[in-house]
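Chains as they are written, first to last, in my numbering: chain A, 461 to 768; chain B, 461 to 768; chain C, 461 to 768; chain D, 461 to 768.
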């Protein structure tokens, strides 16, 4: 079943292919500049640090529904081992096996493709088992420090959590922006809070996965208009799931990653940040969220921190 | 063979057990405060971001000498998979298996033990295959944003790289501090550049591992006197290897991690930072280096960024 | 809570420590000899081969209840890769991460310990994260080919599957032996069919795990009396679970593995074999079930085959 | 560069596509029947068991040259863990991550493709990251018990090990057959000993890999004429490496796996078997070598045993 005209209409409006040259692999991260980072650093007032990552362990959000996306398996390979002989200083070492998209992560631009293409028009076939993503792998990002903005959609509506069938619209974003008392602008990283992660924190993994509020396929145009650098939220699927339009699966992935070239973050825990922003009465901060540089990876764990 | 009196003398002088209470699991990271973070943010001038992590791939620094510490094996579990049926948006997913200490990483305080104890006097036996580190696992750190200071020992001496048998002494640190034109103080994260990582970047993994310049067992007192929050460098072993005192293996690990409760970072690529600091004529910056929160882990990959 | 006198009484009666010398690491596998293997080969009549392993994939029997025992994650690292250049012969390669006890497996003698001891009185502390099991690791087995005997307890009772609270007793074994029309003897590998694996094959993993029929703590004496080489069955826990005696968990593991030194096999699919034996009217066969020789492992996957 | 006419000529002569029907996924394993297995069992005389697998551990034959084919990493996830509370029976559990072709293994028929096809003419594109091999995955084999024949090419020539540039020819096979005093026939599994594994056992992994004696591209016709079920040997690459014909890489893989549909085994340790056969004066035996049933896998570890 081909993607519907509705999708292609939006795609045309948000498409950034060629905007930063034919060889670009960074997409909207190009909008982060020395100037925007300086401005981001200038937002720091109290020096309060709020971590946004979920803990990494076997009891993570994955339920087995997404094949191969396994929760982290942490194993010890040395425990207080006196490697240099009895009585010497002992060390402990560990290993992990995990799905790179299993917990708090960034999708690389290559995480999605449609019609045989990834961002900037490159063939989807440039992703192989042998080498991973030849183009737009997550290691190309190098660093990700920016002004972060919390759009607390749930709190702006007076809710702890949006209902499972709530598609976050541009109007919702504008409402949360007004509630935040600021204006989202070029190079910002926007964190959209739905409150859905509370379901996970309460122990209900299946309820967290589905049904889930998330971004509407109308939001890419809003982010495009504001020249946002990246967007993350507190859900498993990023976009509303099941989708708004029947049989149109993952349209936001295709619009954000493939058409716009904009990183998406998922499974971010925005609960403590919501409280902190409310307490401090401001919703912008320095956000540090550099992806782990796995070469050729289509996603990666990240340990983001907001500095207020 | 018991640790020599020389070791115990220094241990006594740098010991921080109980300093932040009997239940403390953070050690010198307690020295990072809202005030030091605000000061760190205030160091940002150009907004230039310098990533300090090595790429994560099979061709990483590990050679098999440290058992179980394997270079990252990245595999694809989905490649442009149309999970919802033919013609739908396709996604790609990946997994990794790796030693947590394989590339650019933080040692958790539990990475080392001696005489049956880890930091703050807890029994080393609290690390198990079942649960990893019950105390002082890396996930307890939550965030790590601080003022970073580059002590470019190699450049201060006019060298590209310290010789393999060079133990970096307190005098070397003071010389580099003077070269940097600043004073290391409470809550700083100090990055000590030896230039040794150039060997790795040139493709010589064995030469990178050994012999390697690194910190002398006299440095913990210097860091302790300055109330430094954490220290990282550009070598595999952190401390000089083979060791300064015959048969006294990994004394710096034992002093820093166990006695002082101070995180150590290894395999940090400080080459680009060295150039940037020289170009900008300053050696302090905002450092963001939050560890991936693997629960119970004795170390973790980190993707540190210096913001100048 | 110490193990009860009841346990220690049986332990004394089935204990084989020292029976094959103080250095023995094979236990009852010593009972397999050239003569018993010749006799096993002589049982082959039709040449029919019946595989007894469950398929190895993510959708395996593990549910996450046993920490770290993950179902196999199979990933491709090369797919039709022309490693020697365009147009050359292409190859595909794969990797796996799995719990060694995740599917059809043998427990090594070291899989269980009690009172600080493993089989033959060696300290349990000889198992380390660094090296695995120094003694009695599964690689010591080298080969396992023997006469196999199916004791089809379920079928002997006219049942498809024993109830979840049925502890298989020596009387049940004797009944199945009579049904089989043979006598279990020295060096035999006994396969005890409960029918419980049908629950798994029907898709109910939780029902498969618990409650589960399994061997009674009275069976080790029967196996000991007959000088059996090893025992396997078609359940997750091998022994009845929850246990027969309140708070006496895994007594059969302790008796079989630690005291007797007898390998245990779990998650063996005996359904096709049950049918084959019924059709052919005989219950002994050549069994080939050599463990994969993971060095220092406390268990291992096995792909057993009965040749009738 | 297209495969040369020479290759296609042989391919035509050994091709088995359609021989066992258009849906066949077993290839020459179809030649193993109840009758051949009965005959195999009848070869057992002394009951001596000779294991043919290399130990599975980090110090395995892989050197990193074949991307992703990592030596087994064995880790403990439980060590003497009293899962049910203090004083209860303790258990130990482990996990492994490994390349399925890392040590002693079978190549599945899907391990090789050429001209976009796998065995029986199916598209090579039926192998995906998502599901592995849809057709001819190793799990389809179910069991592999047969008459094994050792063709001890090295010993027949009075050598411990063939030189690195020796391509084993049909004439060499005939010579070894005569030395063995038997005739290779339908359904046999032939083990070809070059002695090359001695290099590995002596600790020289690079010398083991390359240059290596191995099968000539003329051997597939010999195996085809004899209707052999499968072939294994004691080298890393199976066929001579580097290849006999310049730039014709892996022709034997393409002929055996793709054209004939015949399983190949590699890294089999045939040293002990060579001695045993010489001592007993016979070179046929019952061979049990059932692959681990990884679903969709293009290869798999195997722990083969010869019963003499």
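We put the CB at the ideal spot given by N, CA and C, even for glycine. In this text the structure is predicted, and so the values were computed from the model without any measurement.
Inset, instruction - Measuring only between beta-carbons, confirm whether residue 757 of chain B sits less than 8 angstroms from chain C. - result: For residue 757 of chain B, not one C-beta of chain C is nearer than 8 angstroms to its own C-beta.
Legend entry - Neighbouring residues, chain A, relative to residue 807 of chain B (Cβ below 8 angstroms): This structure does not reach residue 807 of chain B, given that chain B is present from 461 up to 768, and the question cannot be answered.
Legend entry - Residue closest to residue 669 of chain A, alpha-carbon to alpha-carbon, out of A:644, A:659, A:676, A:465: A:659
Inset, instruction - Identify every residue that forms a DSSP beta bridge with residue 518 of chain D. - result: Its beta-bridge partners do not exist; DSSP assigns none.
Inset, instruction - May I ask you to verify whether the region 551-558 of chain B touches the region 570-579 of chain A, counting CB pairs closer than 8 angstroms and requiring at least 3? - result: yes
Inset, instruction - Report back the beta-carbon spacing between residue 620 of chain B and residue 655 of chain B to the nearest angstrom; my notes put them in contact at under 8 angstroms. - result: 5 angstroms
Inset, instruction - Answer with yes or no whether the minimum CB distance from residue 560 of chain D to chain A is below 8 angstroms. - result: no
Legend entry - Local Cβ density within 10 Å of residue 721 of chain D, reported as buried at 16 or more and exposed below that: buried
Legend entry - Cβ pair residue 507 of chain A, residue 494 of chain B closer than 8 angstroms: The answer is yes: Cβ separation under 8 angstroms.
Legend entry - 8 angstroms Cβ cutoff, residue 709 of chain A in contact with chain B: yes
Inset, instruction - Keeping to the same chain, check which residues put their C-beta closer than 8 angstroms to that of residue 755 of chain A; ignore five residues upstream and five downstream. - result: 592, 597, 599
Inset, instruction - Put residue 607 of chain B into one of helix, strand or coil per three-state DSSP. - result: It is a strand residue.
Inset, instruction - Would you decide whether residue 612 of chain C is buried or exposed? Buried here means 16 or more other CB atoms lie within 10 Å of its CB. - result: buried
Legend entry - Through-space distance from residue 724 of chain B to residue 604 of chain B, alpha-carbon basis: Their backbone Cα atoms lie some 13 angstroms apart in a straight line.
Inset, instruction - Spell out the partners DSSP gives residue 486 of chain D in its beta bridges. - result: The partner list for residue 486 of chain D (beta bridge, DSSP) is empty, contrary to what the question assumes.
Inset, instruction - Give a yes or no on whether the C-beta atoms belonging to residue 762 of chain C and residue 566 of chain C are separated by under 8 angstroms. - result: The Cβ atoms of residue 762 of chain C and residue 566 of chain C lie closer than 8 angstroms to each other.
Legend entry - Delimiting residues of the beta strand (DSSP E) encompassing residue 509 of chain B: It spans 509-511 - the beta strand (DSSP E) in which residue 509 of chain B sits, taken as one unbroken run.
Legend entry - Contacting residues, own chain, Cβ-Cβ under 6 angstroms from residue 692 of chain B (five flanking each side not counted): 651, 725, 728
Inset, instruction - Could you tell me whether the region 507-523 of chain A touches the region 743-759 of chain B, using the rule of 3 or more Cβ pairs below 8 angstroms? - result: yes
Legend entry - residue 659 of chain C: first and last residue of the uninterrupted alpha helix (DSSP H) it sits in: 657-661
Legend entry - Identity of the residue in B:537, B:758, B:649, B:677 nearest residue 629 of chain B by Cα: B:677
Legend entry - Rounded C-alpha distance that separates residue 562 of chain D from residue 568 of chain D: Residue 562 of chain D and residue 568 of chain D have their C-alpha atoms roughly 14 angstroms apart.
Inset, instruction - Could you work out which residue in D:579, D:467, D:609 is closest to residue 681 of chain D when comparing CA atoms only? - result: Across the set D:579, D:467, D:609, the C-alpha of D:467 shows the shortest separation from the C-alpha of residue 681 of chain D.
Legend entry - residue 606 of chain D vs residue 649 of chain D beta-carbon contact at 8 angstroms: With contacts defined by Cβ atoms closer than 8 angstroms, residue 606 of chain D and residue 649 of chain D form a contacting pair.
Legend entry - residue 557 of chain B: contacting residues in chain D (beta-carbon distance under 9 angstroms): Below the 9 angstroms Cβ cutoff, chain D contributes 530, 533, 557 as neighbours of residue 557 of chain B, in chain order.
Legend entry - Nearest to residue 610 of chain D (by Cα), restricted to the options D:733, D:482, D:671, D:739: Among D:733, D:482, D:671, D:739, the Cα nearest to that of residue 610 of chain D is on D:733.
Inset, instruction - Consider the Cβ of residue 518 of chain D: report whether some Cβ of chain B lies at a distance smaller than 8 angstroms. - result: yes
Inset, instruction - Could you list which residues in chain C have their beta carbon closer than 9 angstroms to that of residue 515 of chain D, in chain order? - result: 599, 753, 754, 755
Legend entry - residue 761 of chain C at chain B interface by Cβ criterion, 8 angstroms: no
Inset, instruction - From the DSSP output, in three-state form, read off residue 536 of chain D for me. - result: strand
Inset, instruction - Would you verify that the beta carbon of residue 750 of chain C is, or is not, closer than 8 angstroms to some beta carbon of chain D? - result: yes
Inset, instruction - Show which residues of chain B have a CB atom less than 8 angstroms away from the CB atom of residue 527 of chain D. - result: 518
Inset, instruction - Please state if the CB of residue 536 of chain B and the CB of residue 536 of chain C are separated by a distance shorter than 8 angstroms. - result: yes
Legend entry - Cβ neighbours of residue 471 of chain A in the same chain (closer than 7 angstroms, five flanking residues each side left out): 715, 719
Inset, instruction - Tell me, to the nearest whole angstrom, how far the beta carbon of residue 713 of chain B is from that of residue 699 of chain B; I am working on the premise that it is less than 8 angstroms. - result: 7 angstroms
Legend entry - Sub-8 angstroms separation of residue 464 of chain B and residue 708 of chain B beta-carbons: yes
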